[in-house]
Amino acid sequence: MAQQIVDRREIEFILHELLDVNQFSKYERFYEFNRKAVNMIVYEARQLAIKEILPTNKIGDIKGVTFHEGGVVKMPQEFHRVCRLYREGGWIGTSEAPEWGGQGMPKTVSTAVGDYLMGANCSINLFFGLTIGAGHLIEKFGTEQQKEIFLDKLYTGQWGGTMLLSEPQAGSDVGAVNTSAAPRTDGTYSISGTKIWVSGGEQDLTENIIHPVLARIEGAPPGTAGISLFIVPKYWVNADGSMGNFNNIVCTGTEKKMGIHGSATCTMSLGDKQECRGLLLGQANKGMREMFLMMNRSRLLVGMQAMSCAGVSYLNAVNYARERIQGRNLTNLQDKTAAQVPIIQHPDVRRMLLTMKAYVEGMRFLMYYVNYLEDMKDLSLNENDRDRYQGIIDLLIPICKGYCTDRSLDVCNIGIQIYGGYGYTQEYPQEQLYRDCRITPIYEGTNGIQAMDLLGRKLGMKKGQAFVDLVGEIQKTIKIAQGTARIDSLAQGLQRALHEFEDVSSYIGDKFRSESILHAYAHAYSFMEVSGDLIMGWMLLWRATKAAQKLDQANKKDKSFYEGQIKSCKFFNENILPVTLGKIQTILQLDGTAVEASDDEFGGK
């Protein structure tokens, strides 16, 4: 059975029927990206993913990265060819500005490209994603000279990029970093410290690696207020862009991990035996604010990684269920002569498959939608519209990273279950997808942190205006659905859930601003789950509405696809949203047991 990555019809539906990306070609910035061009780009990405990248996925998992004396980290040899193909085809900086080496395509289109490439091998694509993230920081906060020196080489993949935040004593608490930066007479800084969990911190795929590093300038205030951001190249880069000497940023080891074996997770020592130099990026003591630009994009990248794993797991599972013959149809259970049937005919397997399908379709559309908002924001000439788009994006980021990674892991878990015992073996791809997905609820801010961010920062952002704007967008979809045949009852179901969601949002927001703040935080994760369920219901209703509108004119194949959209929405409405309403009632009770229990009462001594 050939492994799939993404259903082509699914991509066409999102790009052309739901989001109408052809509209972007009306703008000068994107005039080249009409429907024909977009289809060609997505087709080529699919060919690259299936023919060249997918075969390296299992290889990377088995071989992994290897650490050698002197801090040398070698990637699987097969990755080198893939990197060359990425560079030659311009598949790295797909949505970055052409003047800096990018392809300049709409982010919505580059999301479709990334969907295929990430699904084929997430380990290698994490490396490219962080490289682009490092470039974004320099493009946003760097001097003109820094842009000239670094951007083209990053966006074309000639050089790699990373993110150096965590330290042994400061994981999620970035304000506790000890890495220091001492000013030098030439305007550079002497950087000294240790960083951990650095993806791609050392590798042999590129000739240089550019490390954005959080450090504290001597005498700076404590906490996040005193953190600055620096550009620290593996090999020093001269003013003319040429590479100089080794800059004494050394990999001291790589982690042996549960998954993503093809991604080097490094511990990096800066300035241990010899001086390590860095360039200040942006303003002194503003490093955390600057790094959050990259963090938001990185969190979306993590959401994409998880969703891609879930999407592949679903396609594997549904195709396996069509082919795997096991047991008789339950209506013929007493007939000993009845033929065995594919397991897709068994009700419980169908329940699992439809659960997977609904979540994957909702999550995939959400990832595309957030990037669509980014495009709309960039194209808008109206400042109020730009602020509105950004507010909705900011509110959805913890859902994309927090909620979607948890649900993707659930989907990958079900994907193993459908294969039965075979799913637990390395003979089939399901167990690797689960292992590769398992990191996503942890890095770039654990999902507990995402929940606290949603409640503590995003819910009340701009005096609650972002939340009001998001609810307004959901209401627009509900109104259209209410006037569409076959799905008006589904619209009513989401409308009820939305009303209760608004009530619980107001309630927990008020508690957060009161003496019950710890109790509110104890329910932040449940609130994120409720928020994510509501967003999934919205995404699926949007899809179902468009499908219902197209059914009468559809051919036989498209009718099945459109009917499938309506079934996904109905299944979610009838089987998952009722549980969501129960979670809302739990939050409204605001039980405080978790925060009231003493440390000793947890036991374990």
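So the mapping is simple: this note's numbering equals the position in the sequence shown, first residue as 1, plus 76.
Beta carbons are placed, not taken as given, at the ideal position from N, Cα and C, and that holds for glycine.
Just so we're clear, the structure is a prediction, and the values are computed from it rather than from any experiment.
How many Å lie between Glu639 and Ala630 at the Cα?
-> The sequence position of residue 639 within the sequence shown is 563, counting from 1. The sequence position of residue 630 within the sequence shown is 554, counting from 1. Taking the straight line from one Cα to the other gives about 11 Å.
Between the segment 549-556 and the segment 473-486, do three or more beta carbon pairs fall short of 8 Å?
-> Output reads no: the segment 473-486 does not touch the segment 549-556.
For the alpha helix (DSSP H) containing Met528, list its first residue and its last residue.
-> Locating residue 528 in the sequence shown gives position 452, where the first residue counts as 1. That run of the alpha helix (DSSP H) goes 523-529.
For Thr282, which residues of its own chain have a beta-carbon under 6 Å away from its beta-carbon, when the five flanking residues on both sides are left out?
-> Here the question's residue 282 lines up with position 206 in the sequence shown. Closer than 6 Å at the Cβ level, and outside the excluded window around Thr282, lie Trp235, Gly236.
Those residues which DSSP pairs with Phe322 across a bridge | Position 246 of the sequence shown holds residue 322. Paired residues: Tyr311.
Among all the DSSP beta bridges, which residues are the ones paired with His212?
-> The count along the sequence shown starts at 1 and reaches residue 212 at position 136. None, per the DSSP bridge assignment.
Mind checking whether Gln153 and Gly166 have CB atoms under 7 Å apart?
-> Counting from 1 along the sequence shown, the entry for residue 153 is found at position 77. Counting from 1 along the sequence shown, the entry for residue 166 is found at position 90. No.
Skipping 5 residues on each side, what residues in its chain have a beta carbon closer than 7 Å to that of Gly379?
-> Counted from its first residue, the sequence shown places residue 379 at position 303. Same-chain partners within the cutoff: Met443, Cys476, Lys477, Cys480, Thr481.
Extent of the continuous beta strand (DSSP E) to which Ile473 belongs = Within the sequence shown, numbered from 1, the residue matching residue 473 stands at position 397. Ile473 -> not in any beta strand (DSSP E); alpha helix (DSSP H) instead, spanning 459-474.
Where the alpha helix (DSSP H) containing Ser384 begins and where it ends = Counting from one through the sequence shown, the residue named residue 384 turns up at place 308. Start and end: 363-399.
Pro423, buried or exposed, once every other Cβ within 10 Å from all chains shown has been counted against 16 = Here residue 423 refers to the residue found at position 347 of the sequence shown. Exposed is the call here.
Near Tyr107, what residues of its chain come up, given a Cβ to Cβ distance below 7 Å and the 5 sequence neighbours on each side ignored?
-> Locating residue 107 in the sequence shown gives position 31, where the first residue counts as 1. Exclusion of the five residues before and after Tyr107 leaves Ser101 as the residues of its chain whose Cβ lies within less than 7 Å of its Cβ.
Does the separation of the CB atoms of Asn447 and Leu566 fall below 7 Å?
-> Reading the sequence shown from its first residue, position 371 is the one you call residue 447. Reading the sequence shown from its first residue, position 490 is the one you call residue 566. Cβ distance not < 7 Å, so Asn447 and Leu566 don't count as in contact.
Compare the beta carbon distance of Tyr465 and Lys453 with 7 Å and say whether it is the shorter of the two.
-> Mapped onto the sequence shown, residue 465 falls at position 389. Mapped onto the sequence shown, residue 453 falls at position 377. Yes, the pair counts as a contact, with Cβ atoms nearer than the cut-off.
Hey, is the segment 340-359 in contact with the segment 391-404, meaning 3+ C-beta pairs nearer than 8 Å?
-> Segments in contact, no.
Between Asn314 and Ile307, what straight-line distance do the alpha-carbon atoms span, to the nearest angstrom?
-> Walking along the sequence shown from the start, residue 314 turns up at place 238. Walking along the sequence shown from the start, residue 307 turns up at place 231. Each residue's CA atom was taken as its position, placing Asn314 and Ile307 some 13 Å apart.
Is the segment 209-223 in contact with the segment 136-152, if contact means three or more CB pairs nearer than 8 Å?
-> Contact between the segment 209-223 and the segment 136-152 is not established, with fewer than three Cβ pairs separated by less than 8 Å.
Residue range of the alpha helix (DSSP H) that Ala121 falls in?
-> Your numbering for residue 121 matches position 45 in the sequence shown. Secondary structure note for Ala121: its alpha helix (DSSP H) is the uninterrupted segment 111-124.
Within 10 angstroms of the Cβ of Thr207, are there 16 or more other Cβ atoms? Answer buried if so, exposed if not.
-> What you label residue 207 is simply residue 131 of the sequence shown in a count that begins at 1. Buried is the call here.
Of the residues Gln526, Tyr583, Ser484, the one placed nearest Gln506, counting alpha carbons only | Position 430 of the sequence shown, counted from the first residue, corresponds to residue 506. Residue Ser484 is the option with its Cα nearest to Gln506.
Cβ pair Ile336, Asp512 closer than 7 Å = The residue labelled residue 336 in the question sits at position 260 within the sequence shown. The residue labelled residue 512 in the question sits at position 436 within the sequence shown. In contact: Ile336 and Asp512 (Cβ atoms closer than 7 Å).
So does the segment 583-603 actually touch the segment 524-542, counting three or more Cβ pairs closer than 8 Å?
-> Taking a contact to require three or more Cβ pairs closer than 8 Å, the segment 583-603 and the segment 524-542 qualify as touching.
Return the residue from the list Pro244, Thr142, Ala121, Gln221 that minimises the CA-CA distance to Tyr192.
-> If you number the sequence shown from 1, residue 192 lands on position 116. Out of Pro244, Thr142, Ala121, Gln221, Ala121 has the C-alpha closest to the C-alpha of Tyr192.
Which of helix, strand or coil does DSSP assign to Trp176?
-> For the purposes of this step, residue 176 is taken as the residue at position 100 of the sequence shown. Under the three-state reduction of DSSP, Trp176 is assigned to helix.
To the nearest angstrom, how far is it from the Cα of Ser581 to the Cα of Val544?
-> Walking along the sequence shown from the start, residue 581 turns up at place 505. Walking along the sequence shown from the start, residue 544 turns up at place 468. In a straight line, the C-alpha of Ser581 is about 11 Å away from that of Val544.
Using the Cα positions of Asn458 and Thr238, report the straight-line distance between them to the nearest angstrom.
-> Working through the sequence shown from its first residue, we reach residue 458 at position 382. Working through the sequence shown from its first residue, we reach residue 238 at position 162. Distance between the alpha carbons of Asn458 and Thr238 is about 34 Å.
Cα-Cα separation between Leu91 and Phe109, rounded to whole angstroms | Here residue 91 refers to the residue found at position 15 of the sequence shown. Here residue 109 refers to the residue found at position 33 of the sequence shown. Rounded to whole angstroms, Leu91 to Phe109 spans 12 Å at the Cα level.
Residue range of the beta strand (DSSP E) that includes Leu355 | For the purposes of this step, residue 355 is taken as the residue at position 279 of the sequence shown. For Leu355, the enclosing beta strand (DSSP E) stretches over residues 353-356.
Closest by C-alpha distance to Ile469, when choosing among Gln541, Ala386, Tyr504 | Working through the sequence shown from its first residue, we reach residue 469 at position 393. Of the residues Gln541, Ala386, Tyr504, the one whose Cα lies closest to the Cα of Ile469 is Gln541.
Rounded Cβ spacing between Thr255 and Leu290 (contact assumed at less than 8 Å) | For the purposes of this step, residue 255 is identified with residue 179 of the sequence shown, where counting begins at 1. For the purposes of this step, residue 290 is identified with residue 214 of the sequence shown, where counting begins at 1. Yes, they are in contact, since the Cβ atoms of Thr255 and Leu290 sit about 7 Å apart, within 8 Å.
Selected residue, minimal CA-CA separation from Pro418, among Ile494, Arg619, Glu576, Thr330 | Locating residue 418 in the sequence shown gives position 342, counting from the first residue. Closest by alpha carbon: Ile494.
Buried versus exposed, by CB contacts within 10 Å (16 or more), Ser674 = In the sequence shown, counting from the first residue as 1, residue 674 sits at position 598. Around the C-beta of Ser674, fewer than 16 other C-beta atoms lie within 10 Å, and the residue is accordingly described as exposed.
Taking C-beta to C-beta, are Val436 and Gly387 nearer than 7 Å?
-> In the sequence shown, residue 436 corresponds to position 360, counting from 1. In the sequence shown, residue 387 corresponds to position 311, counting from 1. For Val436 and Gly387, yes; Cβs fall inside 7 Å.
Is the closest heavy atom of the ligand GTP to the C-beta of Gly237 under 6 Å?
-> For the ligand GTP, the structure offers nothing, since it holds no ligand at all.
In angstroms with no decimal places, state the Cα-to-Cα distance between Arg462 and Asp451.
-> By one-based count along the sequence shown, residue 462 stands at place 386. By one-based count along the sequence shown, residue 451 stands at place 375. Those two C-alpha atoms are separated by around 10 Å.
Does the Cβ-Cβ distance between Glu520 and Arg375 come in under 7 Å?
-> One-based indexing of the sequence shown puts residue 520 at position 444. One-based indexing of the sequence shown puts residue 375 at position 299. Cβ atoms of Glu520 and Arg375: closer than 7 Å.
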